[in-house]
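Using this note's numbering, read the sequence shown as starting at 584 and increasing by one per residue.
Here the structure comes first, spelled out in structure tokens, and everything after it is commentary.
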Amino acid sequence: MDYNTSNSIIFRYNRSKWAQSPTIQSEEQNVTLTIIGPGSMAMAIADGLKDRYTLEFVARDIRKLDAIKHDYRAEVYPLSNFDITGKTVLLAVKPYALESVGMQLKGTAQTLYSVLAGSTIDALRHHVLSESVVRIMPNVAAKFGASTSVMTGDVARQEEAEAIFSAIGDTFWVDSEKEVDIATAIAGSGPALLTLVAEAMMDGLVKEGMKRPDAIGITNSLFKGFAPLIASNHPALIKDSVMSPGGTTAAAYAALEEGAVRSSFIKAVGEAFKVTQR
Numbered sequence: 584m585d586y587n588t589s590n591s592i593i594f595r596y597n598r599s600k601w602a603q604s605p606t607i608q609s610e611e612q613n614v615t616l617t618i619i620g621p622g623s624m625a626m627a628i629a630d631g632l633k634d635r636y637t638l639e640f641v642a643r644d645i646r647k648l649d650a651i652k653h654d655y656r657a658e659v660y661p662l663s664n665f666d667i668t669g670k671t672v673l674l675a676v677k678p679y680a681l682e683s684v685g686m687q688l689k690g691t692a693q694t695l696y697s698v699l700a701g702s703t704i705d706a707l708r709h710h711v712l713s714e715s716v717v718r719i720m721p722n723v724a725a726k727f728g729a730s731t732s733v734m735t736g737d738v739a740r741q742e743e744a745e746a747i748f749s750a751i752g753d754t755f756w757v758d759s760e761k762e763v764d765i766a767t768a769i770a771g772s773g774p775a776l777l778t779l780v781a782e783a784m785m786d787g788l789v790k791e792g793m794k795r796p797d798a799i800g801i802t803n804s805l806f807k808g809f810a811p812l813i814a815s816n817h818p819a820l821i822k823d824s825v826m827s828p829g830g831t832t833a834a835a836y837a838a839l840e841e842g843a844v845r846s847s848f849i850k851a852v853g854e855a856f857k858v859t860q861r
């Protein structure tokens, strides 16, 4: 067993800034959320919210709306000339469609929540009229109540935003839009990056002779156990607690450093951020 028991005392983060989001009050549960653009991200969010909020959906595709009406028992509306006056809107269309979608909406929303990567608050206000605007970067783990949602915007809506989106996972209110864009690489794209890690681990086990189903199960179990560990411990101290002199972890870690895995992930974050600035 390659485990360094001398480092068994592990530092725990002060997570006061990352505390559990506020408990949702009954009046907040009365919010009706109007979802415009029911794509994969929007539907993952909808799956996480459907038991706590009233949802309605707006889209161009009538067939998709019919399916949603059947599956979610929700009100659905065509996009053309849809009136958003006084509504709480979740805008989840593709960023390139912001202008064309905005042209088909009428009225002024009460609050606009946008999950459009790279679309600034100024751009959102220009194309979709709303009293308040909040930008949010969640991820597809929302479907399981395990999203990481980074948000910023009108501070007057912070409490409501945290209440709504705490239903799909952890929320992090940041001070600037730049921080939302930076966080996109992890909060938004992170699940895809981690699939690369998971798949590589599975393939490594198979390469050494393990059956594929066992490799998948073991790797999945690792990720399941790692989540609570990293939530309360510094990464370096987790590594130090496992790595012993001349052991298996030290050899594996050195191989990753030789392959520039660390710098590749740092570069990946930077490249994702660049895309949000186009």
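Virtual Cβ for every residue (Gly too), placed ideally from N, Cα, C.
A quick note: this is a predicted structure, and the numbers were derived from the prediction, not measured.
Buried versus exposed call for residue i [16 or more other C-beta atoms within 10 Å across all chains shown]
i    : result
S609 : Note that S609 has pLDDT 41, beneath the 50 cutoff, so the model's placement of it is unreliable and the number below is only indicative. So S609 counts as exposed.
V858 : exposed
M826 : buried
K670 : buried
A810 : exposed
I813 : exposed
L688 : buried
K850 : exposed
P605 : For P605, the pLDDT reaches just 43, beneath the cut-off of 50, and the residue's location in the model is therefore unreliable, leaving the point undetermined.
E743 : buried
Y696 : buried
V659 : buried
L805 : exposed
L839 : exposed
A766 : buried
The alpha helix (DSSP H) enclosing residue i, as first and last residue numbers
i    : result
M734 : Counting along the chain, M734 falls outside any alpha helix (DSSP H), though it belongs to the beta strand (DSSP E) covering S730 to G736.
I769 : Premise fails: I769 is in no alpha helix (DSSP H) and is neither H nor E.
S715 : Element bounds for S715: not the alpha helix (DSSP H) but the beta strand (DSSP E), S713 to M720.
S683 : L681 to Q687
H653 : I645 to Y655
D823 : P818 to V825
G622 : Neither: G622 is in no alpha helix (DSSP H) and is coded neither H nor E.
Residue j beta carbon less than 8 Å from that of residue i
i    : j    : result
I619 : L681 : no
G631 : I751 : yes
L712 : T694 : no
I651 : F640 : yes
T778 : V757 : no
M885 : V723 : Lying before the first or after the last residue shown, residue 885 is absent from the chain, which here runs from 584 to 861.
T754 : E745 : yes
T802 : A781 : yes
T617 : V672 : yes
A725 : A627 : yes
V852 : A729 : no
K633 : Y655 : yes
R646 : L662 : no
I704 : E760 : yes
H710 : G685 : yes
Neighbourhood of residue i by C-beta distance below 6 Å, restricted to the same chain and skipping five residues each side
i    : result
T637 : T615
E762 : none
R740 : T694, S715 and V717
I799 : M785
F748 : S732 and T754
Close Cβ partners of residue i (< 8 Å) along its chain, the five nearest in sequence each way excluded
i    : result
Q860 : G701 and D764
N613 : T637
Sheet register partners of residue i (DSSP bridge)
i    : result
G752 : S730
S846 : Its beta-bridge partners do not exist; DSSP assigns none.
S702 : Its beta-bridge partners do not exist; DSSP assigns none.
Y696 : L673 and V717
D666 : K689
E760 : Its beta-bridge partners do not exist; DSSP assigns none.
T617 : E639 and V672
Cβ shell of residue i (< 7 Å), same chain only, five flanking positions each side left out
i    : result
G771 : A700, M720 and N722
R708 : V716
V789 : R795 and A798
Residue i, enclosing beta strand (DSSP E) - first and last residue
i    : result
E840 : Note, E840: premise wrong, no beta strand (DSSP E); alpha helix (DSSP H) at T831 to E841.
P661 : E658 to P661
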